[in-house]
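K.L.:
Take this structure, written in structure tokens, and hold onto it; I'll ask about it next.
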């Protein structure tokens, strides 16, 4: 097993497809694709590529830490009781454990993610 893992930003394999949970859906009908690419530390760390079509959902991190790097598209993230931040291709950010807010995809977004939790 190699301890160096490249993340393929345009994977050739089929993604896992899903929709927003009804209790988290705010607006639109966003569809999600996940290309999971690595799991480490006994299922604690996950790495891959995720894509979402336009719409808005509640984002609830719970005990999960998530690093995101936007590859394409535009997203607005509004923390509860906070101000909206817009992220575009080339931007990176972290959602820490306990984060709650609104994730609004403006243009279909694709990101690299690393979750720990």
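Residue numbers (our numbering): 20 to 136. Positions of the beta carbon are idealized from the N, C-alpha and C atoms, including for glycine. Remember, predicted model here, so these are calculated numbers, not experimental data.
(1) Run the CB neighbour count on residue 45, radius 10 Å, all protein chains shown included, and call it buried at 16 or more, exposed below.
(2) Distance, Cα to Cα, residue 57 vs residue 98?
(3) Residue 24: buried (16+ other C-beta within 10 angstroms of its C-beta) or exposed?
(4) Considering only DSSP beta bridges, list what residue 45 is partnered with.
(5) With a Cβ-Cβ cutoff of 8 Å, do residue 61 and residue 116 count as a contact?
(6) Hey, out of 53, 94, 89 and 27, whose CA is closest to residue 74's CA?
(7) Please list, in chain order, all residues of the same chain as residue 123 whose beta carbon is under 6 Å from its beta carbon, the five residues on each side excluded.
(8) Given a cut-off of 8 Å, decide if residue 53 and residue 78 are closer than it, judged by their beta-carbon atoms.
(9) Could you tell me the distance, in whole angstroms, from the CA atom of residue 129 to the CA atom of residue 135?
(10) Closest to residue 126 by CA distance: which of 90, 103, 133 and 113 is it?
(11) Going by DSSP in three states, residue 108 sits in which element: helix, strand or coil?
(12) Looking at C-alpha atoms only, which residue of 85, 86, 133 and 121 is the closest neighbour of residue 101?
P.N.:
Reading off the structure:
(1) Against the chain shown, residue 45 aligns to sequence position 26. Residue 45 comes out exposed.
(2) Taking the first residue of the chain shown as 1, we reach residue 57 at position 38. Taking the first residue of the chain shown as 1, we reach residue 98 at position 79. Straight-line Cα distance between these residues: approximately 28 Å.
(3) Position 5 of the chain shown, counted from the start, is the residue given in the question as residue 24. That one is exposed.
(4) Taking the chain shown and counting its residues from 1, the one referred to as residue 45 is at position 26. Partner(s): none; residue 45 has no beta bridge.
(5) For this step, residue 61 is matched to residue 42 along the chain shown. For this step, residue 116 is matched to residue 97 along the chain shown. Not in contact: residue 61 and residue 116 (Cβ atoms no closer than 8 Å).
(6) In the chain shown, residue 74 corresponds to position 55, counting from 1. The shortest C-alpha separation from residue 74 is found at 94.
(7) Residue mapping note: residue 123 aligns to position 104 of the chain shown, counting from 1. The residues are 75 and 95.
(8) Stepping through the chain shown from its first residue, residue 78 is reached at position 59. Stepping through the chain shown from its first residue, residue 53 is reached at position 34. Contact: no.
(9) Working through the chain shown from its first residue, we reach residue 129 at position 110. Working through the chain shown from its first residue, we reach residue 135 at position 116. Cα to Cα, residue 129 sits roughly 19 Å from residue 135.
(10) Counted from its first residue, the chain shown places residue 126 at position 107. Nearest option by C-alpha distance: 90.
(11) Here residue 108 refers to the residue found at position 89 of the chain shown. It is coil, neither helix nor strand.
(12) In the chain shown, the residue the question calls residue 101 occupies position 82. Residue 121 is the option with its Cα nearest to residue 101.
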